Each structure stands twice: as structure tokens, then as C-alpha cells.
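Trainee: Just so we're on the same page, my numbering is the position in the sequence shown counted from 1, plus 3. All residues carry an ideal CB built from backbone N, CA and C; glycine is no exception. Owing to the predicted nature of the structure, the values given are computational and were not obtained by experimental measurement. Have a look at this one.
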Amino acid sequence: MAESREHVFAGVHGARTVREWPHDDPRYLVLLIHGYGEHIGRYEHVADRLVRHGAAVHGVDHAGHGRSEGERVLIEDFEDVVADVHAVEERARAAHPGVPVVAIGHSMGGMIAARYAQLHGAGLAALVLSGPVIGEWEAVPALLALDELPDLPIDPATLSRDLAVGVAYAADPLVWHGPFKRATLEAFAATLAAIAKGGTFGDLPTLWVHGEDDQLVPLGPSRAGIEAVRGTALTERVYPGARHEVFNETNQDEVLDDVLAFLDRALSQRG
């Protein structure tokens with residue numbers, strides 16, 4: 004695996020831990036944006052492929068996630084999370100001036116990346132959304148309608164057809180295995196509404212990848228959300244039988260090959 008290192012910076016609300024997978028002479032930079040309840044360390048194999056493809060990769064543990072400060076999985080405003088990611092981008096750009104930047108987000112990270120593209124898309128060369136929470140995520144209003152949130156963790160079996168992925172997830176001490184926080188669900192609802200009203204991605208090259216059998220973030224509602232914000236340069240890949248974490252699926256090599264081929268095309272269009 005590619006060598007990595009960590010550093011800590013002052014985020015909007017507390018210390019944030021960033022993992023970097025450096026490259027001495029990168030042809031592009033990647034902002035890797037993780038999902039709900041997890042941490043950037045689960046993306047070692049993704050970062051390794053990207054580094055071997057010529058990227059320097061940077062990923063922050065969000066507030067209340069992984070090694071970053073904050074009450075576990077409590078996010079009261081995703082605009083603050085976007086601001087933290089932007090701070091990571093500015094540091095990466097300072098280290099490699101003039102190198103194009105790509106954002107890759109999974110699940111909740113896909114939602115954050117979509118909002119990021121609306122606010123900072125002029126500075127991006129490409130956008131990759133994996134199983135993004137976008138459009139109508141039915142779990143949010145269903146849970147918010149309850150007087151008391153159930154103490155039900157995410158079912159590891161819904162992540163991948165590779166059962167070892169779920170076993171590792173369930174045993175990972177940096178993964179949150181408890182219930183949602185109401186304030187976090189309210190922040191999800193507010194951000195989904197903001198994205199729906201926030202305009203399209205314009206001509207930003209965008210790749211949307213999704214598992215056909217994604218039971219956590221179902222394909223249909225996400226498709227409606229993508230259609231509402233897609234610009235003029237959308238590429239779509241839906242993988243038959245795949246579950247939620249396509250980067251950890253039994254066909255992960257195919258998925259990552261598709262991501263790298265897309266990035267090659269997007270970067271070549273920049274001249």
C-alpha cells in the first residue's frame with residue numbers, strides 16, 4: 004500500500020485529523036471524502052490505486068468521526084464539514100500549486116462532495132460520487148418522525164457481497180456502531196434541501212457510481228437527486244448486484260478502473 008502520514012489542523016469546530024498519501028510529482032490532487040460513521044482509514048486501497056495513477060490524496064476525518072474531535076457522529080451543519088474539506092484543499096494546493104483537484108465522495112461523503120461542487124466547483128477538475136446520499140433519502144424523514152431514535156447500527160451485510168468487508172467494519176473501533184443523532188439527521192435534511200436548490204454542476208466532469216442492490220442508499224431516489232443537479236458532463240455507472248460500498252465490492256477492481264479511466268478523460272480535456 005502507498006505510504007501515508009497524518010496531521011491535525013483546527014477545523015471549524017475542533018481539531019481535525021487528515022491523512023495524506025503523498026506523491027512527489029502528482030499530476031492531480033484528490034480530496035477523498037468518507038461516509039457516515041466511518042473514517043478515512045477505510046480507503047487505504049482506494050488511495051493506493053490513486054497514488055499509483057499519479058495522484059496525491061488527502062482525506063479528513065469529519066467532525067465526530069475517526070480520529071477527529073467532536074461528539075461521535077454529531078454533525079449539526081454540513082456547511083461546516085464542507086469548510087473543513089476546503090481547508091484541506093487549500094493546504095494541498097499550497098503544496099502543489101497549479102495541480103488540478105478532484106473530489107471523490109462516498110455515501111454521506113457523496114452528499115458533502117455534491118455540496119462542495121456547488122460551492123467550490125470552479126476550482127475542481129472532476130467530481131466522483133459513489134452511492135451518494137442525494138435527493139430523497141427516505142431514512143431521514145422516517146427516523147425524524149419517531150419520538151425516540153432506535154439503537155440500530157448499520158447492518159454490515161448491506162455494505163458488500165464480500166462478507167469480509169462487513170466483518171472488518173463491525174470490528175473496527177473507529178467506526179460508529181450506535182444510533183443516529185437527531186441533530187445529524189436534521190442536518191442531513193437541511194443539506195439535501197440546500198443541494199436541491201443549489202444549482203447544477205455546470206460543465207464539471209462528473210462520474211456517478213452506484214450499486215444496483217444498494218439497500219442503504221437506494222438507487223432510485225439517488226437517481227432523482229442526481230438528475231436535479233447534474234450538469235452537461237455526467238457519466239453514470241450502475242453495477243449489477245453490487246451493494247452500497249462499490250469501492251469494497253467483489254468487483255472493486257472494475258469500479259476503480261472505471262474511476263481512473265474517467266479521471267484520465269476529465270484531465271485530458273483540460274489540455
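1) For Y119, does the three-state DSSP call read helix, strand or coil?
2) Taking contact to mean at least 3 C-beta pairs separated by less than 8 Å, is the stretch 175-185 in contact with the stretch 200-209?
3) Are there 16 or more other CB atoms within 10 angstroms of the CB of A167, so buried, or fewer, so exposed?
4) For the beta strand (DSSP E) containing Y172, name the first residue and the last one.
5) Going by other Cβ atoms of all chains shown within 10 Å of its Cβ, with 16 needed for buried, is Q255 buried or exposed?
6) In three-state DSSP terms, what is F191?
7) In the structure shown, what three-state DSSP assignment does T235 receive?
8) Among E252, L32, A13 and E248, which residue has its Cα nearest to the Cα of L127?
9) In the structure shown, what three-state DSSP assignment does T203 receive?
10) To the nearest angstrom, how far is it from the Cα of G124 to the Cα of A58?
11) Relative to the alpha-carbon of A199, which residue among A145, P156, I107 and G228 has its alpha-carbon at the smallest distance?
12) Could you pull the start and end residues of the beta strand (DSSP E) that R22 belongs to?
13) Taking the alpha-carbon positions, what's the L43 to I157 distance?
14) Return the first residue and the last residue of the beta strand (DSSP E) that H61 is part of.
15) Would you report the Cα separation of H26 and D267, rounded to the nearest angstrom?
16) For the stretch 217-225 against the stretch 190-198, are there 3 or more C-beta pairs whose distance is under 8 Å?
17) Report the three-state DSSP secondary structure of A5 (helix, strand or coil).
18) Specify the secondary structure class of Y31 as computed by DSSP and reduced to three states.
19) For the stretch 71-80 against the stretch 91-108, are there 3 or more C-beta pairs whose distance is under 8 Å?
20) Once you ignore the five residues that flank L122 on each side, which residues in its own chain have a CB closer than 7 Å to its CB?
21) Look at the alpha carbon of L263 and the alpha carbon of E92, and state the distance between them as a whole number of angstroms.
22) For R185, is the beta carbon positioned less than 7 Å from some heavy atom of the ligand SAH?
23) Rank R70, F183, A160 and G40 by C-alpha distance to the C-alpha of L149 and give the top, closest one.
24) Classify G214: buried if its beta carbon has 16 or more other beta carbons within 10 angstroms, exposed otherwise.
25) Can you list, in chain order, the residues of its chain whose CB lies under 7 Å from that of Y119, leaving out five sequence neighbours each side?
26) Just verifying my parser: in three-state terms, what is the DSSP assignment at Y242?
Mentor: Taking the structure as given:
1) helix
2) no
3) exposed
4) Where Y172 is concerned, there is no enclosing beta strand (DSSP E), although the alpha helix (DSSP H) it sits in stretches over L166 to A174.
5) buried
6) helix
7) coil
8) L32
9) coil
10) 19 Å
11) G228
12) G17 to W24
13) For clarity, residue 43 is Ile in the given sequence; the question names Leu instead. Their Cα atoms are separated by approximately 18 Å.
14) A58 to V63
15) 17 Å
16) no
17) coil
18) strand
19) no
20) V85
21) 20 Å
22) With respect to the ligand SAH, the structure shown offers nothing to examine, as it has no ligands at all.
23) F183
24) buried
25) V85, V88 and A106
26) strand
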